[in-house]
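Note that UniProt numbering gives residue 93 to position 93 of the sequence shown, counting from 1, and the numbers run on in steps of one.
From the three backbone atoms N, C-alpha and C, an ideal C-beta is built for every residue, glycine too.
Data first, discussion second: the structure below is written as structure tokens.
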Amino acid sequence: MSRLETEYQRLDTHEDDGTDEQEVMLHMPDSGRARWNHIENLDAFFSRIYLFHQNHGYMCMMLSQILELVQFLFIFLFSLFLLRCVDYAKLFDHQEKISIPDVFKQCSTEHSPMLLTCLFVAGVFWFHRFVRVLYNAYQFWEIRAFYTSALKISSSELDNLTWHDVLKRVQQVQREQRMCIHKADLTELDIYHRILRFKNYMIAMVNKSLLPLKHNLPLLGEIVFVTNGLKYNLEMILFWGPCAPFKNYWELKEDYKPAAKSKREELAKRLSRTILWVGFANLILSPFIFVWQILYSFFSYAELIKREPSALGARKWSLYARLYLRHFNELDHEFQARLNRGYKPSTKYLNSFSSNIIALFAQNVAFFAGSVLAVLIILTVVDEDVLTVEHVLTTMTLLGVTVTVCRTLIPDENLIWCPEVLMQSILAQIHYIPDSWKGQAHTYKVRTQFSQLFQYKITHLIEELLSPIITPFVLIFQLRPRALDIVDFYRNFTVEVIGVGDVCSFAQMDVRNHGNPKWLTGQRSQANQYRQAEDGKTELSLMHFKMTNPQWQPPQESKMFIGALKEKAQQDVQLTNRVDAENVALVTSLQSLSSIDAGGFNSILGSLAIQQPHVPTNTSSPQPTAPSYLPLQAPVTSPVQSPEETQKKMKGSISTTEGPFHGEGSGILGSIQTSSPPGASPMTGLESVQLGAFASDSALLTGGLPRDFNTADMNFSALYMHRLHDNRIVLSDPEENEIQEDMPSGSWSTLPQAPLPVVPEQSLTDTSQSV
């Protein structure tokens with residue numbers, strides 16, 4: 001029996017002792033080795049371990065939560081004070097000079113029913129938050145004890161360890177103390193499943209366009225609407241709410257499992273009714289939530305707008321982007337690191353589009369506003385009493401904001417951008433773009449669609465303000481009709497994994513069951529369009545997880561897929577000295593990566609001894625020429641410290657490092673056996689990087705290679721996989737050693753261009769047991 005089939009066996013076949021997971025005690029009373037035996041809710045336990053590490057320990061976590069309570073109390077009491085205790089008639093009376101205490105009055109004791117209702121709702125909400133803080137204080141004190149006694153990590157050492165280091169120690173504790181009673185060893189994937197169980201379901205639902213996040217509106221066309229309020233309601237309905245399909249954190253209700261085929265329609269009606277009630281509850285509470293959103297936004301952004309008016313014109317990744325761009329089994333700090341690296345090229349790409357008409361208007365408005373502002377400033381310098389004139393200070397403030405905003409709309413005439421190159425730079429970082437964007441990055445259609453992923457902060461603020469009003473209608477009229485599809489999704493894409501429980505089958509990153517035929521050979525993938533992940537989500541997630549956790553052993557089919565990619569890249573290296581090598585996927589990926597020059601990629605590529613393609617000037621009579629080589633940097637003579645010694649010097653940011661601190665080159669770039677000049681022995685990509693990566697110890701401490709090599713390796717792997725996908729290269733198993741090369745269209749094996757037909761849901765119910 002294969003490892004994958006073993007993992008898919010039901011938990012009840014391995015519970016020989018008759019012990020159910022729900023009946024296991026959280027902590028045994030014995031101290032020492034048995035203290036962490038048989039933990040009941042491992043999902044919450046591992047999640048707290050991760051949050052404890054990422055939030056820098058117990059004191060930082062609890063202080064942050066206490067200050068959030070104080071902040072909420074301040075906003076509410078300060079708003080009440082401004083409403084009931086300020087004499088605005090005297091404040092705006094300009095007949096005589098007054099001081100600040102003069103505008104205060106005795107607070108009114110009369111309370112309207114609306115105000116009393118707001119007081120009650122706010123009090124209930126604050127008390128609920130207070131109880132959660134007390135609960136978290138107890139729970140995270142237990143996690144602090146676990147770090148100290150089991151993991152042997154003190155609070156002072158926490159910021160000097162990566163999550164990968166903590167993960168290895170957690171696995172060791174499992175072998176010694178059996179936190180999970182169903183397996184002796186927990187793999188990295190098992191722990192990630194526990195932490196990201198619900199997140200993986202959400203990512204899969206977005207990938208399959210199951211959730212109503214896109215809407216077609218008259219005149220506006222297709223828009224994306226995802227807010228924190230809508231996301232909260234979706235998670236409550238689908239995962240942890242009282243009527244959610246999950247019985248507990250790790251187990252789906254029996255009615256939602258494939259065995260209960262006859263209850264499909266009944267479950268859909270029940271879920272539809274739940275969505276309806278949640279929608280009505282949001283509608284009733286929408287006035288209170290709307291008032292709170294206004295107050296919170298005002299106190300959060302008022303000072304920022306006054307100090308830096310252009311801040312709202314900056315961009316940020318939208319909530320939809322955080323669902324669409326995320327890999328399966330990708331933790332928050334790993335995902336945030338990718339988004340951070342993609343921020344600059346994304347900003348440059350959107351700034352490369354400018355409207356000449358808007359620029360002309362902005363130039364003239366800035367001129368007029370700046371002229372008036374300059375006169376007012378000069379008058380103020382001459383006589384400061386000018387500021388006492390009514391509305392002068394307000395006028396100067398508005399004129400300053402106008403000039404600042406207009407300047408952001410005027411493009412820099414000295415800059416020239418290439419949208420296609422910038423899109424390749426973005427793709428190297430975020431790893432996902434629709435196929436329709438490729439080769440069309442210069443169009444306003446792609447620019448508009450990309451701006452939905454990378455939106456203005458002011459757009460995000462407006463959406464959050466409107467969320468209490470729009471969310472109830474999205475739930476009632478958009479989500480509720482999809483109740484049957486949601487039930488079918490749970491039934492068809494849920495598997496039970498030993499030691500983990502029920503997980504989304506997409507999160508298994510199984511290329512056979514969920515691979516996309518346009519990214520794989522037809523023999524390797526058995527998925528139809530209903531079962532396959534879109535946009536290469538399975539393949540790219542598999543590569544990312546393997547590189548983030550190099551010691552993880554994937555199932556056989558997944559291992560064969562990774563091996564085929566590396567074998568294909570190795571063969572492309574041997575083709576780089578051909579006349580037509582510019583069509584080889586490896587070369588085009590390297591060219592795209594080298595044009596980015598971000599994150600030290602050029603230093604990495606410059607140290608690779610890969611032959612460069614020689615393209616003759618006269619293509620009619622090509623002459624064979626000797627291959628040219630990229631020069632290797634000279635070996636560093638100064639002593640280079642080991643990664644372990646360097647890691648001890650790092651402080652703070654190391655906790656957000658992706659994967660091991662020292663990249664092991666487990667991706668495509670790290671596996672390339674590069675060509676070397678005659679007489680030299682071949683080197684892997686990682687070995688050649690290590691020859692000339694460091695100029696001094698300071699380069700290592702400032703984020704030099706090999707710490708950055710793993711990032712560059714993943715980015716190159718993403719570009720290379722997209723290039724193969726674009727060329728429709730068919731990969732064979734590495735042991736067959738018959739991977740097909742790029743050939744003219746029509747003479748090499750291609751995958752179907754047209755999408756496969758959607759399989760009716762009724763036909764899937766009969767085969768759901770094989771998921």
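Residue i, enclosing beta strand (DSSP E) - first and last residue
i    : result
F454 : F454 to Y456
K316 : R315 to W317
V224 : G221 to V224
Cβ pair residue i, residue j closer than 8 Å
i    : j    : result
A268 : V487 : yes
I289 : P468 : yes
H164 : G659 : yes
L252 : Y490 : yes
L323 : M202 : yes
Y444 : F353 : yes
K566 : S671 : yes
V224 : K208 : no
I329 : L186 : Inspection of the sequence shows that residue 329 is occupied by Asn rather than by Ile. It is not a contact, given that the beta carbons lie outside the stated cut-off.
A204 : F493 : yes
F45  : F140 : no
I476 : G279 : yes
N282 : N233 : yes
M179 : L42  : yes
H514 : Q532 : yes
H327 : L540 : yes
T548 : T162 : no
I316 : H460 : The displayed chain sequence assigns Lys, not Ile, to residue 316. Cβ atoms of K316 and H460: closer than 8 Å.
V173 : A150 : yes
P419 : Y349 : yes
Local conformation of residue i per DSSP, three classes
i    : result
C504 : strand
E496 : strand
S425 : helix
F104 : strand
N55  : coil
N216 : strand
P550 : coil
F246 : strand
L252 : strand
V386 : helix
R264 : helix
N207 : helix
N282 : helix
Residue i: CB within 7 Å of a non-hydrogen atom of the ligand MN
i    : result
Q171 : Among the ligands in the structure shown, none appear at all, so the ligand MN cannot be discussed.
Burial state of residue i, where buried means 16 or more other Cβ atoms lie within 10 Å
i    : result
L115 : exposed
D535 : buried
F146 : buried
H725 : buried
N414 : exposed
K231 : buried
T448 : exposed
A712 : buried
R338 : buried
Residue-level contact to chain E via CB, residue i, 8 Å cutoff
i    : result
L398 : Among the chains of the structure shown, chain E does not appear; only one protein chain is present.
Run of the alpha helix (DSSP H) containing residue i, from where it starts to where it stops
i    : result
S140 : With the sequence shown as reference, residue 140 is identified as Phe, and Ser is not the correct amino acid for it. Note, F140: alpha helix (DSSP H), P113 to A145.
I191 : E188 to I195
Y720 : F709 to N727
K231 : N228 to E235
W163 : W163 to Q177
R480 : Careful: R480 lies outside any alpha helix (DSSP H) and carries neither H nor E.
F335 : D332 to R341
Y88  : Y88 to L91
T657 : Counting along the chain, T657 falls outside any alpha helix (DSSP H), and DSSP gives it neither H nor E.
D435 : Here D435 belongs to no alpha helix (DSSP H), and DSSP marks it neither H nor E.
N560 : For the record, residue 560 in the displayed sequence is Met; it is not Asn. That run of the alpha helix (DSSP H) goes Q556 to Q574.
R407 : V392 to T408
S149 : That residue, S149, is in no alpha helix (DSSP H); it is neither H nor E in DSSP.
Is the segment 67 to 79 close to the segment 96 to 107, with three or more CB pairs under 8 Å?
-> Segments in contact, no.
Are three or more beta carbon pairs between the segment 225 to 241 and the segment 560 to 569 nearer than 8 Å?
-> Result no; under three Cβ-Cβ pairs closer than 8 Å.
Counting pairs of beta carbons, one from the segment 491 to 504 and one from the segment 189 to 202, are three or more of them closer than 8 Å?
-> Of all C-beta pairs linking the segment 491 to 504 to the segment 189 to 202, three or more are shorter than 8 Å, placing the two stretches in contact.
Is the segment 166 to 176 touching the segment 275 to 292, taking contact as three or more C-beta pairs under 8 Å?
-> No: the two stretches stay apart, fewer than three of their Cβ pairs being nearer than 8 Å.
Given 8 Å, three or more beta-carbon pairs between the segment 338 to 351 and the segment 418 to 425 | As far as the Cβ criterion goes, the segment 338 to 351 touches the segment 418 to 425, which means the pair count is three or higher.
At least 3 beta-carbon pairs within less than 8 Å: the segment 359 to 373 vs the segment 401 to 412 = The count of Cβ pairs closer than 8 Å, one atom from the segment 359 to 373 and one from the segment 401 to 412, reaches three, so the stretches are in contact.
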